[in-house]
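> Residue numbers (our numbering): 4 to 482. Built from N, CA and C at the ideal position, the CB exists for glycine as well. Note that the structure is a prediction, hence the values are computed from the model and not measured. Below you'll find the structure I mean.
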């Protein structure tokens, strides 16, 4: 049952459509810059630093921040900054190889592994499957988040809402691929940062001010020590799950590939990680405010939805615009990333189908529609059963982390073979799956990563030969 009045529903729908229309207009405008298939797939190394920083934030801060992170703030206070901090650590670690990544002019993550281990279709296929898991999961879960939040408020059915967000996501992608997505995300990202801070402070005001929150919420949640309120066991679980997931998330790599200057590759990641702390401010403040107003919610992830029922009409309309901008920015970025892998790695590399710029862009647009429709069908069919997609982070990290990072370190000294990458990725998937079946306490991704690294080292020792690096030493030292 919906909780909004007729006037509120009209206002929310109007605000949502305006945001979607604004996003579509921006995508068309910026999409004119995409003149080639490389512009569509990878923005052709055209993005300035300020765009890279904000578009990374816009892509990363999606429906999870709106629901799950606010739930962390509600239950565990400032511990939400640990979660965001793990993302920051992931970005900082990616900085170690960012310069090298940008210099190689990659398009997708499988490109990276093929460059390290040599061209091989089986390597590409396994790496593409692992790289696809996270962005496709993001698409479906963003659709579900949109349907849940707006369904509760407006009473509009899930299929209709999923159809709306599907069309909205496609308007971001179709005009210019990554070029239009990145620039539109940049504008939406600025809006999201401003709105996140505004909504956070309004939530504190709605709860009666910070003094009232500190008087009604346990001190262990809002004091500086609240950073560890969730408990060290959970903190270690987050660290082992989030950091590897960040290190292998293709959405972040693509923005490194797209930087205009090589020197921006590192700085873009570092500054993007810092902007993620804005999500912690938003989620922590809203979570604590809702805890102060209603400390007895049965499910911590209901906190964001409950807040919607307490907002005055004018604020509800503004908040609706913020929700739409947040979700559509992430779903559009994830959709483009999925299509880039399907086109570059599956269609061109594995199937060996080369085509001119115009045909490549046309096919990319058709695949975008097909992927969006498939994600929409899953979101409608399984609106409460998409938790299994969280496992995509674990399996992606288990398959890709060791080949990328150990491969980067080893390729300077040894000539790596495709068999090492294949064995490493397969071992990672098997180790991850076995640990999940056994119900291990430590996140099963860790077992997969360890198995992947061990097999990679063994196969490299058995099959590779020492060689002199082809990359100039001054570049390697700065990579």
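(1) In chain order, what are the residue ranges of uninterrupted alpha helix (DSSP H) at least 4 long that sit wholly in the segment 54-114?
(2) For residue 223, report the span of its alpha helix (DSSP H) as first-last.
(3) Please report the distance separating the alpha-carbon of residue 459 from that of residue 121.
(4) Measuring only the C-alpha atoms, how far is residue 188 from residue 412?
(5) Can you find at least 3 beta carbon pairs, one from the segment 54-63 and one from the segment 303-312, that sit closer than 8 angstroms?
(6) Just to confirm, does residue 39 get its C-beta within under 7 angstroms of one of the non-hydrogen atoms of the ligand COA?
(7) Here's the rule I'm using: 16 or more other beta-carbon atoms within 10 Å means buried, otherwise exposed. How should residue 87 be labelled?
(8) With DSSP run on the structure shown, which of helix, strand or coil describes residue 417?
(9) Mind the definition here: the segment 100-114 touches the segment 340-348 only if three or more C-beta pairs lie below 8 angstroms; say whether that holds.
(10) What is the residue span of the alpha helix (DSSP H) that residue 318 lies within?
(11) In the DSSP output, what is residue 262 paired with across the bridge?
(12) Short of 7 angstroms in beta carbon distance, which residues of its chain neighbour residue 229, apart from the five on each side in sequence? Order them along the chain.
(13) Using C-beta distances below 7 angstroms, list every residue in its chain close to residue 98, excluding the 5 sequence neighbours before and after it, in chain order.
(14) Alpha carbon to alpha carbon, what distance is there between residue 29 and residue 43?
(15) On the criterion of 16 or more Cβ atoms from any shown chain inside 10 Å, does residue 294 qualify as buried, or is it exposed?
(16) Can you name, in chain order, every residue of its own chain whose Cβ lies under 8 angstroms from the Cβ of residue 135, other than the five neighbours on each side?
(17) Please state the DSSP three-state secondary structure of residue 357.
(18) Kindly give me the distance between the Cβ atoms of residue 157 and residue 15, rounded to whole angstroms, as I take these residues to be in contact under 8 angstroms.
(19) For residue 151, which beta-bridge partners are listed by DSSP?
(20) Under DSSP, the alpha helix (DSSP H) around residue 526 begins and ends at which residues?
(21) Does the beta-carbon distance from residue 146 to residue 384 come in below 8 angstroms?
(22) Drop a sphere of 10 angstroms on the beta-carbon of residue 445, count the other beta-carbons inside from all chains shown, and report buried for 16 or more, exposed for fewer.
(23) Could you tell me if residue 225 is buried or exposed, where buried requires 16 or more neighbouring beta carbons within 10 angstroms of its beta carbon?
(24) Starting from the C-beta of residue 128, find all residues in its chain whose C-beta is less than 7 angstroms away, skip the five residues before and the five after it, and write them out in chain order.
(25) With DSSP run on the structure shown, which of helix, strand or coil describes residue 474?
(26) Rank 49, 27, 381 by C-alpha distance to the C-alpha of residue 36 and give the top, closest one.
(27) Alpha carbon to alpha carbon, how far is residue 298 from residue 363? Give it in angstroms, no decimals.
(28) Decide if residue 76 is buried, meaning its Cβ has at least 16 other Cβ atoms within 10 Å, or exposed.
(29) Starting from residue 455 and walking both ways along the alpha helix (DSSP H), at which residues does that stretch end?
(30) Just how far apart, CA to CA, sit residue 100 and residue 467?
(31) The alpha helix (DSSP H) spanning residue 297 covers which residue range?
(32) Which residues in the same chain as residue 95 place their Cβ atom closer than 8 angstroms to its Cβ, once the five residues preceding and following it in sequence are excluded?
(33) Note down the Cα distance separating residue 164 from residue 424, rounded to an integer number of angstroms.
(34) Leaving out five residues on either side along the sequence, give the residues of the same chain with a beta carbon under 6 angstroms from the beta carbon of residue 39.
(35) Alpha carbon to alpha carbon, how far is residue 305 from residue 356?
(36) Quick check: the Cα distance between residue 117 and residue 419, rounded to an integer number of angstroms?
The structure says:
(1) Fully enclosed alpha helix (DSSP H) runs of 4 or longer: 73-79, 83-106.
(2) 222-225
(3) Near 15 angstroms, if we compare the C-alpha coordinates of residue 121 and residue 459.
(4) If you take the alpha carbons of residue 188 and residue 412, they lie about 33 angstroms apart.
(5) no
(6) Among the components modelled here there is no ligand, and therefore nothing to report on the ligand COA.
(7) buried
(8) strand
(9) In short, these stretches touch, since the Cβ pair count reaches three.
(10) 316-344
(11) 50
(12) Counting only Cβ-Cβ distances below 7 angstroms, and skipping sequence neighbours, we find 80, 81, 82, 223.
(13) 269, 272, 273
(14) 15 angstroms
(15) buried
(16) If the five residues before and after residue 135 are omitted, its C-beta is found closer than 8 angstroms to the C-beta atoms of 341, 344, 345, all from its own chain and listed in chain order.
(17) coil
(18) 6 angstroms
(19) DSSP output for residue 151 lists no bridge partner at all.
(20) Nothing about residue 526 can be read from this structure; the chain reaches only from 4 to 482.
(21) No, the Cβ-Cβ distance between residue 146 and residue 384 is not below 8 angstroms.
(22) exposed
(23) Classification for residue 225: buried.
(24) 353
(25) Its pLDDT being 48, under 50, residue 474 is placed unreliably in this model, and the value from its coordinates should be taken loosely. Note: residue 474 maps to coil in three-state DSSP.
(26) 49
(27) 54 angstroms
(28) buried
(29) 447-466
(30) In a straight line, the C-alpha of residue 100 is about 22 angstroms away from that of residue 467.
(31) Here residue 297 belongs to no alpha helix (DSSP H), and DSSP marks it neither H nor E.
(32) If the five residues before and after residue 95 are omitted, its C-beta is found closer than 8 angstroms to the C-beta atoms of 272, 273, 276, all from its own chain and listed in chain order.
(33) 42 angstroms
(34) 360
(35) 48 angstroms
(36) 10 angstroms
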